[in-house]
Amino acid sequence: MNQTASQGASEVQRFLDRLSERSARRSGEPTWIAARRQAGAARFEAMGFPDRRVEEWKYTDVRAISRGDFQLAEDADFSPASAAALTLPMDAHRLTFVDGVFSSALSDLTELPGGVQVQPLSQALEENHEAVGGPLGRLTGVEFSAFSALNTAFFEEGALVRLAPGTVVEKPIVLQFLSRANQAAVMSHPRILIEAASRSQATVIEHHVGEEGAANFTNLVEEVMLDRGAHLTHYKLVESPEQDLHVASIHVEQCRDAQFTSFNLTLGGGLVRNDLISDLNGQGAEVTFNGLFYGQNRQHVDNHTLANHNAPHTFSHENYKGILDDRAHGVFNGKVIVKRDSQKIEADQSNANLLLSDRAQIDTKPELEIYADDVKCSHGATTGQLDEEAVFALRTRGLDEATARGLLTLAFAGEVMDQVDLDAVAERVELTVAGKLPERFHLAGLVEAAVALNED
Amino acid sequence: MASQEMEQLVRREYKEGFVTDIESDTIPPGLDEDTIAFISNKKGEPAWMLEWRLDAYRQWLKMTPPSWAHLDYPPIDYQAISYFSAPKREEDKPQSLDEVDPKLLETYEKLGIPLHERAALAGVAVDAVFDSVSVTTTFKDKLAEAGVIFCSISEAIRDYPELVKQYLGTVVPTSDNYFAALNSAVFTDGSFVFVPEGVTCPMELSTYFRINAANTGQFERTLIVCEKKAQVSYLEGCTAPMRDENQLHAAVVELVALEDASIKYSTVQNWYPGDEDGKGGIYNFVTKRGDCRGDRSHISWTQVETGSAITWKYPSCVLRGKDSIGEFYSVAVTNGRQQADTGTKMIHLGEGSKSTIVSKGISAGRSNQSYRGLVKVGPRAKGARNFTQCDSLLIGDTCGAHTFPYQEIGNSTATVEHEATTSKIGEDQLFYCQSRGISEEDAVNMIVNGFCKDVFQELPMEFAVEAEALLNVTLEGAVG
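Protein sequences, first through last, are from chains Y and R. Residue numbers for the first sequence follow our numbering, beginning at 2 and rising by one. Residue numbers for the second sequence follow our numbering, beginning at 96 and rising by one.
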């Protein structure tokens, strides 16, 4: 017991040492930032890394992170050719970060329409740090988790997106995070702040991808504030290499009639933990959590979602699908909380999982916590295999078994992907899923053919 | 090192401090090794039993009370509880029904409990009411003929030590959890059932039949063993509110089913839920677990929970045998300021094991209720199958209903399904009934009973009828 405690303390100390090294080189920060860093560090030191006795981390072992020795990246060098191969092929406003450091060379904000502000966080702080200081940390404080505290202590870079009232941004805003195969592993603590004023609409894509062999740690905190009637569609696509470590939280605040639609698509990463929280604070607010995760080898994917129904007439929907192969481990925890007097609530939740291997593991927990009576809440969770009757039905139509199983697995993922409006994202995910299918039902060729057919 | 020293110290203390007054019937509140030695001595237990109890006590000392449940109650002072008191003397009990609280009698009336039973339930001196001994003896003869052992656990420890030693604590180990450890150290009564190979128990067994054998202890220990191809159905508790002075209840129930054996365990729990502010109600912390040890064995839990201020209870099945089956059917009703955190665990270890969970929760008043369940499928449980349905019904806007279902699945051939809904009684359903001249209260009762039907069907006949009446009584005043 004492031994583990001291080990935990030394792990924490390693991170704190990194922080003091960094602080020594920093000069002239606004006092509020320095104060928050201090609060973050203190909180992180007090909490330490969560172990599996902490309910929220019951199924996720973070020792790969806590025992790691991560440097902070100094530059954003990345070969444009390999970046291009990783970038989503679509017309978009784009910010690119390499190991957490902003790369203006790989970013493109030339056609930004009026009423829209998209900036790297460092730049926004330089221009007007006070305007950032108010909203930053309002939703995700240092109390949320050891990781949010760590982020608050370290944060330097990230993205700021502001939408003026009534602005509709046609092109998606892509926030691209590239991970390099460094000699020494690095960590980054990006901070994303999205403020959408009333009736504004936009699509934000957060894309995490990297070079083969990269083994870095990303600790992201994202805060999204949606004013009256704002609509935000948020994609999070994680295609990181299989050694990359990723912990992120997205905290959304929704005022009256605000809509937040999330697509949380995890295809890569060695350890991925996402916390998605929506505070439905105004009548008519609606949140939709869509999710798809595909785990292979020893990947570990953990998704926690929480819908806080703080106001009457609010709605939440959730549909998560997981496919797990080899020794992959999936975790799903979906929670709906209905506060007292939040009447006329509708909340539905569904989590379906497909296990392709005997050594794959899924731990799922759909939770309801309800303190009001005029509600319609439901949740369901299923885990199983492909429907043998469906396989048989396809076989009677002359398909061989491997193809039949492959098609059905694709179709399983397709139920989430059907909701995706962006072709570039949908195709990318479907191709990846097809490519990941066990060799015996490899269907990448088929999907490519289908894509080609669509294009003609 | 320190812990070893500590252990030695603890042992030494026990040796020297072994002073007990055997003549006395009650001991002052407090718990230490002397208390346990006193209980064991009083019960005339063999040495190994005392060792077992002390071992449990030492483990308990190292544990902390669980805090994960969705319950809110002040910390319990375990030193303020008296751990042994002899049954009340006949002359201290009320001598006739006239001396019993009229409110209690009113409830019996509503439940339709036969007259002579009412007296027994209200704690009226049994001899003054009816000669239950003859009833009990008839049953005992019949059971003996079939070879079934049914007695109190204390008698079993005395008369069948080998059987008890073989099975006691093998399903719920002494160190299983805080309350199980406490129970193991201080349990004073409970039932023991042993059904030998191939025997189908000729009747449904109920604690009711040994009502005058002992008062319901606050630390009950029940052990039911079914040998190969044996079958038994066991009823625990009764629908009438039980008179009970003990606030803390920590029972342990262990079921063992060998090959092709089948155990059906039904519970109706209706302990005092406390007054309007929730004061004085019973705290019920129960560990119930069945072990489907043999292939094709079958354990079924059915429970109707309406009483207690705090309920902490998770009847579970360990499905070890090939093609073994576990079932859990539950209706939990909370009203007033009651809090219930209840559910089940189905641990699938054997190939082709199957489990069904149907849980119906009804919360009214200012009560809070949680379903907490775990379905775990081990890597060897090929083709394991689970279906879970848990529905909650909310009556009134100040109650809460919560669901925490855990699923841990480590086998690709397993199929696990979970469904849950939370809603209130539909306005249209109520309107439909009322437009046909049914009063609002009756309509609510009808709808609630319909909501619970899946579970009531699983109850033995006479229990089911009583359970429906009980539900109506519990929900009284919840509407309008």
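Beta carbons: idealized from backbone N, C-alpha and C, even for Gly. The structure presented is a predicted model; accordingly, all values stated were derived computationally and were not measured.
Residue span of the beta strand (DSSP E) that contains residue i, given as start and end
i       : result
F287(R) : 286-290
K322(Y) : 316-325
V63(Y)  : Premise fails: V63(Y) is in no beta strand (DSSP E) and is neither H nor E.
N379(R) : 378-387
P500(R) : 495-504
T306(Y) : 301-310
K464(R) : Reading off the sequence shown, one finds Gln at residue 464(R), where the question assumed Lys. Here the beta strand (DSSP E) through Q464(R) covers 463-472.
G478(R) : G478(R) -> no beta strand (DSSP E), and no H or E assigned at all.
Y360(R) : 357-364
G407(Y) : Note, G407(Y): premise wrong, no beta strand (DSSP E); alpha helix (DSSP H) at 402-418.
Q449(R) : In the sequence under discussion, the amino acid at residue 449(R) is Lys, which differs from the Gln named in the question. From DSSP, the beta strand (DSSP E) with K449(R) extends over 449-459.
K548(R) : Taken as a continuous stretch (DSSP letters only), K548(R) belongs to no beta strand (DSSP E), being part of the alpha helix (DSSP H) at 548-551.
P367(Y) : 362-371
Outcome for residue i when other beta-carbon atoms lying within 10 angstroms are tallied against a minimum of 16
i       : result
R398(Y) : exposed
L570(R) : buried
E561(R) : buried
Q552(R) : exposed
S21(Y)  : exposed
K437(Y) : buried
D116(R) : The pLDDT assigned to D116(R) is 38, lower than 50, so where the model puts this residue is not dependable, and the model offers no usable value.
N122(Y) : It is Leu, not Asn, that sits at residue 122(Y) in the sequence shown. Buried, since its Cβ has 16 or more Cβ neighbours within 10 Å.
W57(R)  : The first residue shown for chain R is 96 and the last is 575, placing residue 57(R) beyond what the model contains.
T498(R) : buried
V327(R) : buried
S189(Y) : buried
R531(R) : exposed
E354(R) : buried
Q8(Y)   : exposed
N298(Y) : exposed
T32(Y)  : exposed
Q244(Y) : buried
D92(Y)  : exposed
P500(R) : buried
Q154(R) : buried
Range of the contiguous alpha helix (DSSP H) that encloses residue i
i       : result
S434(Y) : Contrary to the premise, residue 434(Y) reads as Val rather than Ser in this sequence. Start and end: 424-437.
C528(R) : 522-530
Y262(R) : 256-262
T397(Y) : 389-397
Residue i: contacting residues in chain R (beta-carbon distance under 8 Å)
i       : result
Q362(Y) : E503, I504, G505
K366(Y) : F499, P500, Y501, Q502
D374(Y) : L489, I490, G491, D492, C494, K519
I371(Y) : S487, L489, G495, A496, H497, T517
E56(Y)  : W163
Per-residue contacts from residue i into chain Y (C-beta, under 9 Å)
i       : result
A509(R) : L356, T384, G385, Q386
P474(R) : D359, R360, Q362
Would you be able to state if there are at least three C-beta pairs under 8 Å between the segment 281-293 of chain Y and the segment 315-329 of chain Y? yes
Just by C-beta distance, which residues in the segment 511-534 of chain R are closer than 7 Å to chain Y? V511, E512, H513, E514, A515, T516, T517, S518, K519
Can you pull out the residues from the segment 134-147 of chain Y whose beta carbon lies closer than 8 Å to at least one beta carbon of chain R? none
Residues within the segment 161-176 of chain R neighbouring chain Y, beta-carbon criterion of under 9 Å: W163, H165
Closer than 8 Å is the cut-off here; do at least three beta carbon pairs connect the segment 483-492 of chain R with the segment 370-389 of chain Y? yes
Residues of the segment 376-399 of chain Y with Cβ closer than 7 Å to any Cβ of chain R, in chain order: V376, K377, C378, S379, H380, G381, A382, T383, T384, G385, Q386
Touching by the beta-carbon criterion (3+ pairs, under 8 Å), the segment 496-512 of chain R and the segment 389-402 of chain R: no
Closer than 8 Å between beta carbons: that is the criterion. Which residues of the segment 319-345 of chain Y meet it against chain R? R341, D342, Q344
At least three beta-carbon pairs within less than 8 Å, the segment 74-82 of chain Y to the segment 90-110 of chain Y: yes
Report yes or no: do the segment 134-142 of chain Y and the segment 169-182 of chain Y share at least 3 C-beta pairs separated by less than 8 Å? no
Using 8 Å as the Cβ pair cut-off and three pairs as the minimum, do the segment 435-454 of chain R and the segment 408-424 of chain R touch? yes
Stretch-stretch touch, CB-based, cutoff 8 Å, three pairs: the segment 322-329 of chain Y with the segment 466-475 of chain R: no
Stretch-stretch touch, CB-based, cutoff 8 Å, three pairs: the segment 60-67 of chain Y with the segment 262-281 of chain Y: yes
When the Cβ atoms of the segment 419-431 of chain Y are set against those of the segment 234-253 of chain Y, are three or more pairs found closer than 8 Å? yes
Looking at C-beta atoms only, is the number of pairs between the segment 127-137 of chain Y and the segment 49-59 of chain Y that lie closer than 8 Å three or more? no
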